[in-house]
Amino acid sequence: MVKGTHSVPQYAEVAYPDYFGHVPPTFREPLQERVYGVQRSKIFQDIERLIHPNDIVDKVVYDLDIPSCPVVEDDGDSLKFNSQFESGNLRKAVQVRKYEYDLVLNSDINSNHYHQWFYFEVSGMRVGATYRFNIINSEKSNSQFNYGMQVLMYSVQEAISGKPRWVRTGTDICYYKNHFARSSIAAGGQKGKSYYTMTFSTSFSHKDDVCYFAYHYPYTYSTLKMHLSKLEAYRTPHIYLRQDVLCETLGGNSCPLLTITAMPESNSNDHICQFRNRPLIFLSARVHPGETNASWVMKGTLEFLMGSSPLAGSLRESYIFKIVPMLNPDGVVNGNHRCSLSGEDLNRQWQNPNLELHPTIYHTKSLLQYLAHIQRAPLVYCDYHGHSRKKNVFMYGCSVKETVWQSNISATSSDLQEDLGYRALPKILSQIAPAFSMGSCSFVVERSKESTARVVGLQIGTRELEEMGAQFCVALLRLKRLTGLRNHQHLLDLESDIIGPHTKVVSSSSTTYVMEEDEPSFLEAIDYSAERR
Numbered sequence: 006m007v008k009g010t011h012s013v014p015q016y017a018e019v020a021y022p023d024y025f026g027h028v029p030p031t032f033r034e035p036l037q038e039r040v041y042g043v044q045r046s047k048i049f050q051d052i053e054r055l056i057h058p059n060d061i062v063d064k065v066v067y068d069l070d071i072p073s074c075p076v077v078e079d080d081g082d083s084l085k086f087n088s089q090f091e092s093g094n095l096r097k098a099v100q101v102r103k104y105e106y107d108l109v110l111n112s113d114i115n116s117n118h119y120h121q122w123f124y125f126e127v128s129g130m131r132v133g134a135t136y137r138f139n140i141i142n143s144e145k146s147n148s149q150f151n152y153g154m155q156v157l158m159y160s161v162q163e164a165i166s167g168k169p170r171w172v173r174t175g176t177d178i179c180y181y182k183n184h185f186a187r188s189s190i191a192a193g194g195q196k197g198k199s200y201y202t203m204t205f206s207t208s209f210s211h212k213d214d215v216c217y218f219a220y221h222y223p224y225t226y227s228t229l230k231m232h233l234s235k236l237e238a239y240r241t242p243h244i245y246l247r248q249d250v251l252c253e254t255l256g257g258n259s260c261p262l263l264t265i266t267a268m269p270e271s272n273s274n275d276h277i278c279q280f281r282n283r284p285l286i287f288l289s290a291r292v293h294p295g296e297t298n299a300s301w302v303m304k305g306t307l308e309f310l311m312g313s314s315p316l317a318g319s320l321r322e323s324y325i326f327k328i329v330p331m332l333n334p335d336g337v338v339n340g341n342h343r344c345s346l347s348g349e350d351l352n353r354q355w356q357n358p359n360l361e362l363h364p365t366i367y368h369t370k371s372l373l374q375y376l377a378h379i380q381r382a383p384l385v386y387c388d389y390h391g392h393s394r395k396k397n398v399f400m401y402g403c404s405v406k407e408t409v410w411q412s413n414i415s416a417t418s419s420d421l422q423e424d425l426g427y428r429a430l431p432k433i434l435s436q437i438a439p440a441f442s443m444g445s446c447s448f449v450v451e452r453s454k455e456s457t458a459r460v461v462g463l464q465i466g467t468r469e470l471e472e473m474g475a476q477f478c479v480a481l482l483r484l485k486r487l488t489g490l491r492n493h494q495h496l497l498d499l500e501s502d503i504i505g506p507h508t509k510v511v512s513s514s515s516t517t518y519v520m521e522e523d524e525p526s527f528l529e530a531i532d533y534s535a536e537r538r
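Note that my numbering has the sequence shown beginning at 6, numbered continuously upward.
Here it is as structure tokens:
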């Protein structure tokens, strides 16, 4: 799997988490409690560097820009770093004090910003010592690291002993503005903007260990290829699974396209006709490489759709699923956070994608246009994302009414007619999924989002467009009346349980519905406080 993966740098090794694999933790990992005064004490320690410069080591121990670096004496006084593997991101490591290191992240390839995703290897540690790591060129003004989120660590010694897993780790974690100024080019033409520091402390349990740190659970392109090959094991004579290549990326990697549905009951004309005319549902993920949680949600989706549960069988019998599980393989392979090899955010290229520069978007849009042309536009298109500053799971959709209202354009509800089905899927999820937050959803189309998948898909003719965001940080679960285990044999049974037999439904077609009370009747009923991704 790894040999067929093409990267800009020539990676010479496979990261141990990809080699050994990993399993979910066997215990719950709660949010870390915030300790008062941590941020202040860290800033004071940074100031002491200027007051007492002679106490600072200031030793470069890792630098991607200098091939001969690192040259670290094997005396146990310095850690060894590495990020030259698939999805790795660490550009430079500077030893500041005996047990403290400043870390600099790579920007996205052909870009000078988007410093957020990190994934690197550390070795040469001392057992029992507490190390402090400072990622000093973060860009966002705030982070869930200020609200209980921890970094992830993978220990090779633990993996060898039979516990291959990523665990949340770190104490004294905080995120704050530092004194390093961003160039006007990196800041989008703005002057005076600063970088931010994400700092954490940790210790190691094993001598001569090799450990990995990551922003979130890594999910590499090679991992995707392995998972797709294993999907074949789920196939039964009743499941139709087809894997195609949508296109090749700028870096020479294949972009997979999956089709999942149920096989026709027989070769009769009626059953073949029903098979061919099932409504389409289109799913995609990982247009932003740093949003690895989108891939994990997609993995769960694929395994569920290929599963043996009655609900999965009912879905396969009712729909044809077209799935692009990774829209940006090149960005994932090369450790980018947001862009492809062209240095552009692919989720802003849907309006006018370039065949050479944005092949995955070009071909995905072409497929959607073709389906619309033959009167087979998808019933639903859901694009999976991750969000770094919001908790829970939520959706962004498209509403003409809400967009007009937010824009303060003079119009009444009677002037604006639209299919209310855009709220149906979020409403269902809010009833059955404890982590789903209806209050965090937004259906307003901002000008900056006019070239995203959900907006362009609506223009093509898809009936319901959604971007689903999942948190990097653990959700604040909200217990609900209707979140118990369900064992429905048919989709209609599940629908009637969620919506209720006496609920008045506004219906504009046989396939879209929404409760009348869900549509905001005036501007004040809409919550526009959701943070932008």
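Heads up, the beta-carbon is just placed ideally off N, CA and C, and yes, glycines get one too.
With respect to the C-alpha of G295, the residue from N357, S112, K103 having the closest C-alpha is S112. Its chain contains P169 as the residues whose beta carbon lies nearer than 7 angstroms to that of G26, once the 5 sequence neighbours on both sides are disregarded; these appear in chain order. The alpha-carbon separation between S199 and A186 amounts to approximately 4 angstroms. Taking the Cα positions, A134 is about 50 angstroms away from F287.
The beta carbon of M311 sits closer than 8 angstroms to the beta carbons of L236, Y239, R240, I244, L246, I265, A317 from its chain, once the five residues preceding and following it are set aside; these are given in chain order.
Rounded to whole angstroms, the gap between the alpha carbons of P58 and E91 is 37 angstroms. By DSSP's assignment, V302 forms no beta bridge with any residue.
Between L255 and D335, the C-beta gap is smaller than 8 angstroms, which places the two residues in contact.
If you look at R173, you'll find it in the beta strand (DSSP E) that goes 171-174. The region 200-210 makes contact with the region 121-136; the number of CB pairs closer than 8 angstroms reaches 3 or more. With contacts defined as CB atoms closer than 8 angstroms, T10 and S227 qualify as a contacting pair. At a Cβ-Cβ threshold of 8 angstroms, Y21 and A164 count as neighbours. Under the 10 Å beta carbon count, H378 is surrounded by fewer than 16 other beta carbons and is classified as exposed. Taking the C-beta atoms as reference points, K64 is found no nearer than 8 angstroms to V13. Residue pairing of D177 in beta bridges, as defined by DSSP: absent, with no partner found. In this chain, the alpha helix (DSSP H) harbouring L434 covers 429-437. Take P30, set aside five residues on each side of it, and the residues of its chain with a beta-carbon closer than 7 angstroms to its own are R170, V172, in chain order. In the DSSP annotation of this structure, the continuous segment of the alpha helix (DSSP H) that includes N274 starts and ends at 274-281. Under DSSP, the beta-bridge partners assigned to R247 are T264. A Cβ-Cβ contact shorter than 8 angstroms links G129 with S83.
For E105, the enclosing beta strand (DSSP E) begins and ends at 105-109. In the pairwise beta carbon analysis, the region 329-346 is classified as not touching the region 268-282: fewer than three pairs are separated by under 8 angstroms. In the structure shown, Q100 adopts extended strand secondary structure according to DSSP, grouped into three states. In its chain, beyond the 5 residues on either side, N94, L95, R96, H120, F123, I140, N142 have a beta carbon closer than 7 angstroms to the beta carbon of L110. Contact between H184 and V132 fails: their C-beta atoms lie close to 34 angstroms from each other, not under 8 angstroms. Distances from the alpha-carbon of M231 to those of S447, D23, Q15 put D23 closest. Non-local beta-carbon contacts of V62 in its own chain, meaning distances under 8 angstroms to residues more than five positions away in sequence, involve Q100, V101, R102, K103 in chain order. Of the candidates R54, I56, F86, the residue whose Cα lies closest to the Cα of L69 is F86. If you look at V43, you'll find it in the alpha helix (DSSP H) that goes 43-56.
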